[in-house]
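The C-terminal residue of the sequence shown carries number 873 in the numbering used here, and the numbering is unbroken.
We put the beta carbon where it would ideally sit given N, CA and C, even for glycine.
One structure is given here, and the rest of the page talks about it.
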Amino acid sequence: MKAIRRFTVRTVLPDELTALGRLAANLRWAWHAPTRAVFAAVDPRLWEAVGHDPVRLLGEVSPERLRELAGDAGFRARLDEAAADLDRYLDAPLWYQGLADGPAPPPAAIAYFSAEYGLDASLPQYSGGLGILAGDHLKSASDLGVPVIGVGLLYRHGYFSQSLSPEGWQLERYPEIDPRGLPMTRLEDGGRPVAVTVALPDHRVMRAHVWVVRVGRVPLLLLDTYQEDNEPELRGVTGRLYEGGNEQRLRQELLLGVGGLRAVRAYCARTGHPEPEVFHMNEGHAGFLGLERLREYIETAGLDFDEALEATRAGTVFTTHTPVPAGIDRFPRALVERHFSGTAALPGLPVERIMALGAETYPGGDPDVFNMAVMGMRLAQRVNGVSRLHGAVSREMFGGLWPGFDVDEVPITSITNGVHAATWVSEEALEAARSLVADPGEFDTPRGWERVAGTSGEELWRMRRVQRERLVAEARARLRASWLQRGASEAELAWVDGVLDPDVLTIGFARRVPSYKRLTLMLRDPERLTALLRHPERPVQLVIAGKAHPADEGGKRLIQEIVRFSDDPRVRDRIVFLPDYDMALAGALVRGCDVWLNNPLRPLEACGTSGMKSALNGGLNLSVRDGWWDEWFDGSNGWAIPTADGVSDPDRRDDIEAAALYDLIEEQVAPLFYERDEAGLPRRWLEMVRHTLVSLGPKVLATRMVREYVERLYRPAALSSRRLTADGQRGARELAAWKRKVRRAWPGVRIEHVEVSGRGEPPQVGGELVVRATLVLGDVDPADLCVEAALGRVGASDELVDPSYTELSPLEPQDVTWPLVRFAGTVPLDRAGACGYTVRVRPRHPLLAHPAETGLAVVPEPAAGVGSLVLR
Ligand SMILES: *Cc1c(COP(=O)(O)O)cnc(C)c1O
Numbered sequence: 002m003k004a005i006r007r008f009t010v011r012t013v014l015p016d017e018l019t020a021l022g023r024l025a026a027n028l029r030w031a032w033h034a035p036t037r038a039v040f041a042a043v044d045p046r047l048w049e050a051v052g053h054d055p056v057r058l059l060g061e062v063s064p065e066r067l068r069e070l071a072g073d074a075g076f077r078a079r080l081d082e083a084a085a086d087l088d089r090y091l092d093a094p095l096w097y098q099g100l101a102d103g104p105a106p107p108p109a110a111i112a113y114f115s116a117e118y119g120l121d122a123s124l125p126q127y128s129g130g131l132g133i134l135a136g137d138h139l140k141s142a143s144d145l146g147v148p149v150i151g152v153g154l155l156y157r158h159g160y161f162s163q164s165l166s167p168e169g170w171q172l173e174r175y176p177e178i179d180p181r182g183l184p185m186t187r188l189e190d191g192g193r194p195v196a197v198t199v200a201l202p203d204h205r206v207m208r209a210h211v212w213v214v215r216v217g218r219v220p221l222l223l224l225d226t227y228q229e230d231n232e233p234e235l236r237g238v239t240g241r242l243y244e245g246g247n248e249q250r251l252r253q254e255l256l257l258g259v260g261g262l263r264a265v266r267a268y269c270a271r272t273g274h275p276e277p278e279v280f281h282m283n284e285g286h287a288g289f290l291g292l293e294r295l296r297e298y299i300e301t302a303g304l305d306f307d308e309a310l311e312a313t314r315a316g317t318v319f320t321t322h323t324p325v326p327a328g329i330d331r332f333p334r335a336l337v338e339r340h341f342s343g344t345a346a347l348p349g350l351p352v353e354r355i356m357a358l359g360a361e362t363y364p365g366g367d368p369d370v371f372n373m374a375v376m377g378m379r380l381a382q383r384v385n386g387v388s389r390l391h392g393a394v395s396r397e398m399f400g401g402l403w404p405g406f407d408v409d410e411v412p413i414t415s416i417t418n419g420v421h422a423a424t425w426v427s428e429e430a431l432e433a434a435r436s437l438v439a440d441p442g443e444f445d446t447p448r449g450w451e452r453v454a455g456t457s458g459e460e461l462w463r464m465r466r467v468q469r470e471r472l473v474a475e476a477r478a479r480l481r482a483s484w485l486q487r488g489a490s491e492a493e494l495a496w497v498d499g500v501l502d503p504d505v506l507t508i509g510f511a512r513r514v515p516s517y518k519r520l521t522l523m524l525r526d527p528e529r530l531t532a533l534l535r536h537p538e539r540p541v542q543l544v545i546a547g548k549a550h551p552a553d554e555g556g557k558r559l560i561q562e563i564v565r566f567s568d569d570p571r572v573r574d575r576i577v578f579l580p581d582y583d584m585a586l587a588g589a590l591v592r593g594c595d596v597w598l599n600n601p602l603r604p605l606e607a608c609g610t611s612g613m614k615s616a617l618n619g620g621l622n623l624s625v626r627d628g629w630w631d632e633w634f635d636g637s638n639g640w641a642i643p644t645a646d647g648v649s650d651p652d653r654r655d656d657i658e659a660a661a662l663y664d665l666i667e668e669q670v671a672p673l674f675y676e677r678d679e680a681g682l683p684r685r686w687l688e689m690v691r692h693t694l695v696s697l698g699p700k701v702l703a704t705r706m707v708r709e710y711v712e713r714l715y716r717p718a719a720l721s722s723r724r725l726t727a728d729g730q731r732g733a734r735e736l737a738a739w740k741r742k743v744r745r746a747w748p749g750v751r752i753e754h755v756e757v758s759g760r761g762e763p764p765q766v767g768g769e770l771v772v773r774a775t776l777v778l779g780d781v782d783p784a785d786l787c788v789e790a791a792l793g794r795v796g797a798s799d800e801l802v803d804p805s806y807t808e809l810s811p812l813e814p815q816d817v818t819w820p821l822v823r824f825a826g827t828v829p830l831d832r833a834g835a836c837g838y839t840v841r842v843r844p845r846h847p848l849l850a851h852p853a854e855t856g857l858a859v860v861p862e863p864a865a866g867v868g869s870l871v872l873r
């Protein structure tokens with residue numbers, strides 16, 4: 002029979018074992034080894050069969066076995082201890098609770114919106130790094146006691162699971178999930194499900210139920226349109242992740258943003274959870290959240306659009322995650338327009354104002370699209386990229402939104418991603434590390450990691466060997482299953498038992514398959530790759546995995562190329578492609594591989610996190626200097642694949658970079674791995690592993706990342722928000738009125754003339770320069786602006802490089818007559834060589850978060866006296 006619908010019957014647990022249900026209901030088991038051990042003990046064979054999923058385990062365990070356990074005092078003691086440990090974890094004061102309260106307490110709650118979450122392999126609600134990051138963010142927030150509420154969608158068919166055709170072509174399957182068989186409960190009110198509604202055009206209404214997943218201390222609200230009250234077409238809105246046409250995706254994003262905020266309000270009202278003060282949009286998909294907040298301010302506080310915009314921006318954080326144009330979420334303008342007009346309009350929000358928020362108003366922008374990232378940046382006072390390099394690339398990419406300012410001043414900062422150690426590090430290594438570091442706080446510093454790295458070479462190498470061996474066994478099992486599924490018979494598969502070798506240098510490569518990640522770069526010269534795999538003394542083996550988006554034929558062709566190559570009997574024992582890359586496979590790979598390979602087209606990898614997972618497990622990174630690796634590669638914690646950035650012919654660039662990769666493996670990586678001392682240990686390799694742990698350990702942790710979000714973005718956002726919304730939103734009204742006034746008057750601001758005179762000619766380092774600027778301010782009040790002199794090196798196209806700014810003050814008394822106003826100041830000459838200077842005027846207000854926030858600035862016309870001088 003086809004077209005079956007799934008449902009799950011929940012087991013009734015004996016009274017003595019009710020704690021099992023409570024443990025299963027909190028996802029902390031996903032990263033808490035002792036809790037998993039309790040579930041494993043319920044029925045070890047079944048635990049393996051259900052893929053380490055406690056809810057399925059409890060659904061399938063036999064009543065006899067449960068009765069037996071109920072009478073087993075030893076088991077009950079373990080269970081009680083695990084339950085008590087969960088209670089302690091949920092109630093204990095943690096890092097966040099230790100933040101100084103004082104006059105500026107940290108936010109009471111933060112709502113975190115993301116289109117995908119990677120929390121556990123049993124919840125296929127993610128496609129790749131963005132979702133994994135969101136999952137690690139929630140788990141680390143929980144571990145730190147940060148009061149985050151997660152918001153997302155419950156995709157009934159999740160992201161697809163991947164298999165291969167006999168020809169090596171990617172096939173997709175979409176198993177349906179049943180929320181009742183997952184660790185989540187429905188948000189209800191008096192026994193009835195809470196329904197969130199979102200209006201659509203033509204009098205249609207989209208309805209969703211809300212599921213609550215407990216991620217440790219963090220509630221995650223997932224909206225679900227699969228319910229009878231919806232017309233059939235709308236039930237499928239939360240069907241699949243990142244699929245369907247524009248309209249389907251737009252409905253998903255409306256539900257996530259607008260419906261998501263309504264779900265947060267319903268959740269807080271029913272549970273007493275504090276209302277969020279800060280709203281974090283994890284990428285543009287969540288951007289409509291800002292519109293719903295505008296509506297709330299307009300309806301409930303009586304603000305106008307501009308005032309509501311200021312109030313909303315102050316408490317909003319936007320994170321951009323990709324510099325790849327195809328990765329940026331854009332909709333046809335007309336489609337968005339239709340979804341905010343007529344019966345779908347948000348009260349108080351004129352559609353043309355909404356359209357302006359998503360307009361690409363910079364050079365090269367497309368007037369016919371609505372850009373969700375751009376809207377996110379206009380709706381958030383604080384914006385960040387996800388690595389230092391990605392921050393710089395984003396400032397360049399989106400700089401047009403702040404036209405008066407240099408790229409360096411564009412208000413997009415960066416917080417480098419991190420990974421959740423307890424999710425990604427093998428249980429043995431975690432336990433060993435914890436036994437060496439008494440105070441877990443020391444993992445935040447190199448000191449704790451030095452203790453871990455102090456493990457003997459024998460022990461380190463033994464642990465690496467165990468993990469590699471486990472990966473080999475897992476790879477063989479998965480490869481066999483894949484070949485059976487591709488139509489082979491058991492009898493033909495004896496060779497699979499000889500695939501991979503637990504003593505051979507193992508290189509992993511696993512990620513989504515967009516073209517910039519260059520899955521097949523390693524195949525550039527098949528002869529050379531074969532020689533590396535077949536090297537008589539220093540062979541390498543490659544384990545590869547990755548999914549192509551279902552609509553990406555090009556990506557599927559790349560997968561097929563890899564599969565065809567690795568099907569070849571001459572190399573198939575040294576290179577394998579394992580289908581269905583997910584969190585479970587990722588875990589096995591990052592634990593077992595000696596080297597983690599990453600070769601994107603620089604600088605298109607915004608951060609990348611799989612290499613961080615590998616590093617925490619004692620793997621070494623071999624990567625193009627992109628994303629996080631550009632920032633934290635230090636010359637001896639792995640290898641940097643040289644890039645041919647300047648080469649414009651992509652084929653030639655691939656040739657050069659592939660050749661560099663082969664050279665590195667052949668000349669450095671493999672010799673180091675196979676160089677052994679009398680005891681059979683690769684001493685120098687292990688030194689590099691130790692150095693990796695100490696130099697990267699404290700940095701790559703997601704707890705470091707979440708703390709940065711709290712300190713650098715959430716807390717300042719809460720302060721801004723309080724300042725704007727206190728006292729009947731007085732600050733928001735004032736800031737909006739001020740921006741309107743300054744914007745109107747700004748075209749009247751002009752720099753007429755700049756003159757300088759040195760003190761102690763000729764100008765010398767250590768001397769000073771007196772700068773005098775004559776301005777016309779029109780209707781702008783001098784108190785509303787900042788006039789500053791910039792001094793810096795002169796770049797190739799006559800621009801100032803890396804300038805320093807000195808504020809100028811109005812002359813007292815003025816020696817010119819209105820409408821002229823003169824400002825002056827003294828600039829310290831603190832650098833030698835050829836310098837340039839200029840003067841700039843920008844608006845200033847104490848409620849702005851950043852000098853460039855308004856995007857408005859005036860510099861002199863070339864003739865008005867920008868100068869250069871040579872300092873000695
Ligand atoms: C960590 C992870 C990713 C992200 O890896 P990148 O290095 O950013 O490509 C993607 N998918 C899965 C399943 C992961 O575990």
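Spanning the alpha carbons of Gln730 and Ala302 requires a straight line of approximately 8 Å. Assignment of Pro148 by DSSP, reduced to helix, strand and coil, places it in the coil class.
Every beta strand (DSSP E) of 3 residues or more that sits fully in the segment 565-647 is shown, in chain order, as 576-578, 596-599, 621-625, 639-642. Set against 8 Å, the gap from the CB of Ile133 to the closest heavy atom of ligand 1 is smaller. A contact between stretches requires three or more CB pairs, one per stretch, nearer than 8 Å, and the segment 395-410 fails this requirement with the segment 640-654. In the DSSP assignment, Met185 falls outside any beta strand (DSSP E), carrying neither H nor E.
The three-state reading of DSSP puts Gly246 in coil, since its state is none of H, G, I, E or B.
Taking the Cβ of Ala511 as the reference point, at least one heavy atom of ligand 1 falls within a distance shorter than 8 Å. If you draw a straight line from the Cα of Leu720 to the Cα of Gly146, it is about 20 Å long. For Asp803, the enclosing beta strand (DSSP E) covers residues 801-811. Leu165 is positioned such that its CB atom lies closer than 9 Å to that of Val564. Distance between Leu590 and Glu679, taken at the CA atoms: about 30 Å.
The segment 545-562 makes contact with the segment 578-587: 3 or more CB pairs, one atom from each, lie closer than 8 Å. Of the residues assessed, Trp819 falls on the exposed side of the cut-off, its CB having fewer than 16 other CB atoms within 10 angstroms. In the DSSP assignment, Leu221 falls within the unbroken beta strand (DSSP E) covering 219-225. Taking C-alpha positions only, Asp73 is separated from Leu47 by approximately 19 Å.
Looking at the DSSP output, Gly237 bridges to nothing. Between Arg469 and the set Gly455, Glu284, Asp445, Trp597, the nearest pair of CA atoms involves Trp597. In the three-state reduction of the DSSP assignment, Asp190 falls in the strand class.
Using a 10 angstroms sphere on the CB of Asp799, the tally of other CB atoms stays under 16, which defines it as exposed.
Here Glu276 is exposed. Its C-beta has fewer than 16 other C-beta atoms within 10 Å. Within the chosen limit of 8 Å, ligand 1 does not reach the beta carbon of Val325 with any heavy atom. Excluding sequence positions up to five before and after Gly419, its CB lies within less than 6 Å of the CB of Val701, Leu702, Ala703, Arg705, Met706, all in the same chain and listed in chain order.
Here Trp630 is buried: its Cβ has 16 or more other Cβ atoms, across all protein chains shown, within 10 Å. Residue pairing of Arg354 in beta bridges, as defined by DSSP: absent, with no partner found. Nearest neighbour of Arg193 by Cα position, chosen from Leu131, Gly136, Arg271, turns out to be Arg271.
Straight across, the Cα-Cα distance linking Val497 with Arg573 is about 9 Å. Taking 8 Å as the upper bound for CB-CB distance, Ala495 and Ser611 are not in contact here, some 32 Å apart. Of the other Cβ atoms in all chains shown, fewer than 16 fall within 10 Å of the Cβ of Arg744; this residue is therefore exposed. Put simply, of Lys140, Gly316, Ala433 the residue whose alpha carbon is nearest the alpha carbon of Ala109 is Gly316. By the Cβ-count criterion, Gln669 is exposed, with fewer than 16 other Cβ atoms from all chains shown falling within 10 Å of its own Cβ. It is roughly 26 Å from the alpha-carbon of Arg592 to the alpha-carbon of Gly169.
The beta-bridge partner set that DSSP reports for His210 consists of Ala196, Asp225. Looking only at Trp640, Gly547, Val149, the smallest Cα-Cα distance to Tyr268 is reached by Val149.
For Gly22, the three-state secondary structure derived from DSSP is helix. Between the beta-carbon of Ala335 and that of Leu506 there is about 55 Å, and that puts the pair past the 8 Å contact cut.
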